[in-house]
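Asker:
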Amino acid sequence: MLPPPFRNEYLFAVVKEDANQLLLGLRFSKEKVHLIYQGSMGRERLSFKRIHLVDNRWHSMVLAVSGHHATLTLDCGVPLELVHKQPFPSDLSTDGSRFHIGSRRKWKGLFSGLLRQLFLLPGPDATPRVCPSSKPSLVELSVPTFLSNLPVKSQMNDVLLPPYEMEVRVTLGSKPACTAAELGQLWFDTLKRGLFLCDGAYWHSMLQEEDRLDYDLYTTSETLDIELFQIPSVGLFAAMAHRANKPGSAIYRWNHGHFQLYQNISTFKAQAWKQFTVGRKMFLAVSNSVGPVDGERELSVIYRWRNKRLKFVRYQTLETHSARDWEAFHINNEAFLAVANHRTENGNHNIDSVVYKWNPGTKTFEVNQTISTSGAYDWEFFTVGPYHFLAVANAFDGTSTQTDSSIYIWLGGAFQLFQTIRTFGATDWEMFQIGNRVFLVVANGHMLCERGPSLYTINSTIYELDMTTKMFLKFQDIVTYSAVDWELFSVGDEHFLVVANSYDGSSYSLNSVIYRWQGYEGFVPVHRLPTIGCSDWEFFTSAEGPYLMYSSAKAPLSKVFKLRIH
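Just so we're aligned: 424 in UniProt numbering is position 424 of the sequence shown, and the numbers increase by one with no gaps anywhere.
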């Protein structure tokens, strides 16, 4: 496509003529692509690195910009995503400006290659319009035939002018007539956000915005966990565990296809939320990982839903130690609550985690059992037939992340060791059933030993309960990148697993992967979603359809994806 220059060259630029001011530009160098725009704070630049365009070959490139986010897809490959502090302006004024293709209105920076197509499109990412493709470097956005060869007859003479030389008038509002008088004119449908062209008899769709399948939920802080739950007659809620202490964590309510802020709750480097019920009472527990101020006790809090106030109010506090997770469950009509204590205040990761039991007399949770853990990150409770199990994800024993995570079984009124499994910085267990088969998948975070470098690209493993040996045996290894969460969901008769990949040793901008159950083949990758420091995935359904939602531990945003069912 391009000869090998060693300077910046412009693909296009929008320049304010009277001041020679660059309003918007796209330029590239040997290994970088830069989007330059005039923001509220002055000129801003988004730079994508390691983009190899200068190799004498054709390439297709799609750049999508919305708010704080920009994604670049080269040759239908894995999209790269950038998050910028200053959002792309939604009201960039182009009054008095001119488009320059292949230049910046100067001799310096002239484009020296071949440009086949250049489209500026409204709406979401245009990648799905051209990808996937059997020839990813030669994809093109189709142009309606009538647009490319429709002549327009001049009223001044008999010369037929191509469309780009005619005088174009754009009509807004309700659908106008399309007759010979409107031949070649444009109509913009403000309701459906579509652009149509009149051929003298009919309006032809040129561009029409499809329903967005994703949107960003901007939060006040990075988010470590999402807890989704329903309150009867009130709605669907999402409790977000925010890292920042001020204004604390937030609870959102689903309203007509979007989450809206409902309540803020004071938290201290919150790690996770857990919603549960005891009888008719509804509770929400948060795991705080630090105290209100340095040196003070760490207190995690249980909140109770009040129907009269339609709010969660503080109900009980429990002393915890860098708590990472709560798990709530019932055994024989008795309510329990287990906390994963990660480490003591002096840094000792070998510490007891606690199982609490609801006391109907005092109407509070009291200590029922302590279990020795090593840097515990997660509890997972599940039932198989008449047996109840509790699995802990141990992440660090003080010297290494290669440690045993344990599965306990409920016998004689307490949890007793059932099986140990070697894990590597384990951060999450997820139990699920497909038919009569019982599976348990672990998210391995990273491999750290006393000697040697840390490894973040490692296997996470799916185990299956073998009824003969009465043990969980390895079923499938899946390569993950500092995985921190698994989520199983089903759409129709199809079963899927999505993993939260958070870090590969150099970058937090990674693809999290959706795997589909293929029976004998196990889980196979079917879709990749670009994420930034992904910390949690949650699946939910509403009147609008099925959704996936992820939170970011590295950016103040969460993203909601609407699943398209084919």
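Virtual Cβ for every residue (Gly too), placed ideally from N, Cα, C.
This one's a predicted model, so the numbers in the text were calculated from it and none came from an experiment.
Going by beta carbon distance, what residues of the same chain come within less than 7 angstroms of Gly248, once the five residues before and after it are set aside?
Answerer: Excluding residues within five positions, the ones whose Cβ falls inside 7 angstroms are His242, Asn264, Ile265, Ser266, Thr267.
Asker: Kindly indicate which residue of Ser507, Thr373, Ile101, His84 has the alpha-carbon position closest to the one of Leu120.
Answerer: Per the Cα distances, Ile101.
Asker: Would DSSP call Pro122 helix, strand or coil?
Answerer: Pro122: coil per DSSP, three-state reduction.
Asker: For Ala272, count neighbouring C-beta atoms within 10 Å of its own C-beta (all shown protein chains included) and say buried if the count is 16 or more, exposed if not.
Answerer: Label assigned to Ala272: buried.
Asker: Ignore the nearest five residues each way along the sequence and tell me which others in Ser502's own chain have a CB closer than 6 angstroms to its CB.
Answerer: Once the five neighbours on either side are set aside, the close Cβ partners of Ser502 are Ser482, Val484, Gly533, Cys534.
Asker: Using the C-alpha atoms, what's the distance from Ser300 back to Ser289?
Answerer: For Ser289 and Ser300, the distance between alpha carbons rounds to 8 angstroms.
Asker: Could you compute how far the alpha carbon of Tyr218 sits from the alpha carbon of Asn511?
Answerer: About 20 angstroms.
Asker: If you follow the alpha helix (DSSP H) that Arg57 is in, where does it begin and where does it stop?
Answerer: Segment: none, Arg57 is in no alpha helix (DSSP H) and carries neither H nor E.
Asker: What number of angstroms, rounded off, separates the C-alpha of Ser445 from the C-alpha of Tyr377?
Answerer: Checking the displayed sequence, the identity of residue 445 turns out to be Gly instead of Ser. Those two C-alpha atoms are separated by around 11 angstroms.
Asker: With 16 as the cutoff for other CB atoms within 10 Å, does Leu473 come out buried or exposed?
Answerer: Classification of Leu473: exposed, given that the 10 Å Cβ count is below 16.
Asker: Which residue from Glu334, Tyr10, Glu345, Leu261 puts its Cα closest to that of Val293?
Answerer: Measuring from the Cα of Val293, the nearest candidate turns out to be Glu345.
Asker: May I ask you to report which of helix, strand or coil DSSP gives Leu440?
Answerer: Leu440 falls in the strand class under three-state DSSP.
Asker: Tell me the rounded alpha-carbon separation between Asp75 and Ile51.
Answerer: Going by the C-alpha atoms only, they are around 11 angstroms apart.
Asker: Cutting at 7 angstroms between CB atoms, please list the residues of its own chain near Lys554, excluding the five before and the five after it.
Answerer: These residues qualify, in order along the chain: Glu222, Tyr508, Ile532, Gly533.
Asker: Please list, in chain order, all residues of the same chain as Trp203 whose beta carbon is under 8 angstroms from its beta carbon, the five residues on each side excluded.
Answerer: Excluding positions up to five away in sequence, the list reads Lys175, Cys178, Trp187, Phe196, Leu197.
Asker: Could you tell me the alpha carbon to alpha carbon distance between Ser460 and Val526, rounded to whole angstroms?
Answerer: For Ser460 and Val526, the distance between alpha carbons rounds to 17 angstroms.
Asker: Just mark Asn332 as buried or exposed, buried being the case when its beta carbon has 16 or more other beta carbons within 10 Å.
Answerer: Looking at its Cβ environment, which holds fewer than 16 other Cβ atoms inside 10 Å, Asn332 is exposed.
Asker: If we ignore side chains and look at the alpha-carbon of each, how far apart do Tyr215 and Leu548 end up?
Answerer: Those two C-alpha atoms are separated by around 11 angstroms.
Asker: Tell me whether Leu11 sits in a helix, a strand or coil according to DSSP, three-state version.
Answerer: Here Leu11 sits in strand by DSSP.
Asker: Expressed to the nearest angstrom, what Euclidean distance is found between the alpha-carbon atoms of Val152 and Leu141?
Answerer: For Val152, the predicted model reports a pLDDT of 41, less than 50, meaning its position is unreliable and no value from the coordinates is stated.
Asker: In three-state terms, what does DSSP make of Arg528?
Answerer: In this structure, Arg528 counts as strand in the three-state DSSP scheme.
Asker: Note down the Cα distance separating Ile302 from Thr362, rounded to an integer number of angstroms.
Answerer: For Ile302 and Thr362, the distance between alpha carbons rounds to 15 angstroms.
Asker: Distance, Cα to Cα, Asp91 vs Ser40?
Answerer: Asp91 and Ser40: Cα-Cα distance of roughly 10 angstroms.
Asker: Starting from Val130, trace the beta strand (DSSP E) both ways and give me its first and last residue.
Answerer: Unbroken run through Val130 is the alpha helix (DSSP H), 127-130; no beta strand (DSSP E).
Asker: Going by DSSP in three states, Tyr508 sits in which element: helix, strand or coil?
Answerer: Three-state DSSP puts Tyr508 in coil, outside helix and strand.
Asker: If we count the other Cβ atoms within 10 Å of its Cβ and call it buried at 16 or more, is residue 580 buried or exposed?
Answerer: Past the edges of the chain, shown from 1 to 566, lies residue 580, and the structure says nothing about it.
Asker: Hey, could you find the ends of the beta strand (DSSP E) Thr401 is sitting in?
Answerer: Element bounds for Thr401: n/a, residue is neither H nor E.
Asker: How would you label Gly184, buried or exposed, when you count the other beta carbons within 10 angstroms and need 16 or more for buried?
Answerer: Looking at its Cβ environment, which holds 16 or more other Cβ atoms inside 10 Å, Gly184 is buried.
Asker: Per DSSP, which one or two residues make a beta bridge with Tyr515?
Answerer: According to DSSP, which records beta bridges pairwise, Tyr515 is partnered with Leu497, Pro525.
Asker: State the Cα-Cα distance for the pair Gly545 and Gly492, rounded to the nearest angstrom.
Answerer: Their backbone Cα atoms lie some 12 angstroms apart in a straight line.
Asker: For Thr399 and Ser406, I'd like the C-alpha separation in whole angstroms.
Answerer: Cα-Cα distance, rounded: 18 angstroms.
Asker: Give a yes or no on whether the C-beta atoms belonging to Thr480 and Val498 are separated by under 8 angstroms.
Answerer: It is not a contact, given that the beta carbons lie outside the stated cut-off.
Asker: Just to confirm my understanding: we take Leu261, look at its own chain, exclude 5 residues before and 5 after, and list those with CB closer than 7 angstroms. What are they?
Answerer: The answer, listed in chain order, is Ala250, Tyr252.
Asker: Report buried or exposed for Gly77, applying the criterion of at least 16 other Cβ atoms within 10 angstroms of its Cβ.
Answerer: Gly77 is exposed by the Cβ-count criterion.
Asker: Which residues in the same chain as Ile462 place their Cβ atom closer than 6 angstroms to its Cβ, once the five residues preceding and following it in sequence are excluded?
Answerer: Within the same chain, Ile462 has close Cβ partners Phe439, Val441, Phe475, Gln476.
Asker: Put Leu110 into one of helix, strand or coil per three-state DSSP.
Answerer: Three-state result, Leu110: coil.
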